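Let me begin by presenting the structure, written as structure tokens, before commenting on it.
Residue numbers (my numbering): 5 to 84.
Pasting the structure below:
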């Protein structure tokens, strides 16, 4: 029979694995996000970068005529 502490350890291990995957995703997408941010800064375009709890990044780019465009950043080898 599985003990309570075994269940806790399993849950912690799963969350730790999820965090490691998220950090890996963040490391993969960081150069792209920095590159795009630099280009937008140089062009004087307003934007915001947001990241959700799963380390998925979205760049919100405000352009003229009240339109907002989104760039969703996803690693090329991501299966999600």
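Using N, Cα and C, we set each Cβ at its ideal position, and we do this for glycine too. Keep in mind that this is a model prediction, so the values were computed, not measured.
Item	Value
Beta-carbon within less than 6 Å of residue 52's beta-carbon, same chain only, minus the 5 sequence neighbours each way: which residues are those?	64
Is it right to say residue 13 is buried, meaning 16 or more other beta carbons lie within 10 angstroms of its own, or is it exposed?	exposed
Could you name the residues of the same chain whose beta carbon sits closer than 7 Å to that of residue 24, not counting the 5 residues immediately before and after it, in chain order?	none
Using the three-state DSSP reduction, which class does residue 84 fall into: helix, strand or coil?	Because residue 84 carries a pLDDT of 49, less than 50, the predicted location of this residue cannot be relied on, and no value is offered for it.
Output the distance between the C-alpha atoms of residue 48 and residue 35, rounded to the nearest integer angstrom.	20 Å
Output needed for residue 84: all residues of its chain with C-beta closer than 6 Å, excluding positions within five of it in sequence on either side, in chain order.	Bear in mind that a pLDDT of 49 at residue 84, under 50, signals an unreliable position, so the model cannot answer this.
Tell me where the alpha helix (DSSP H) around residue 65 begins and ends.	Counting along the chain, residue 65 falls outside any alpha helix (DSSP H), though it belongs to the beta strand (DSSP E) covering 61-66.
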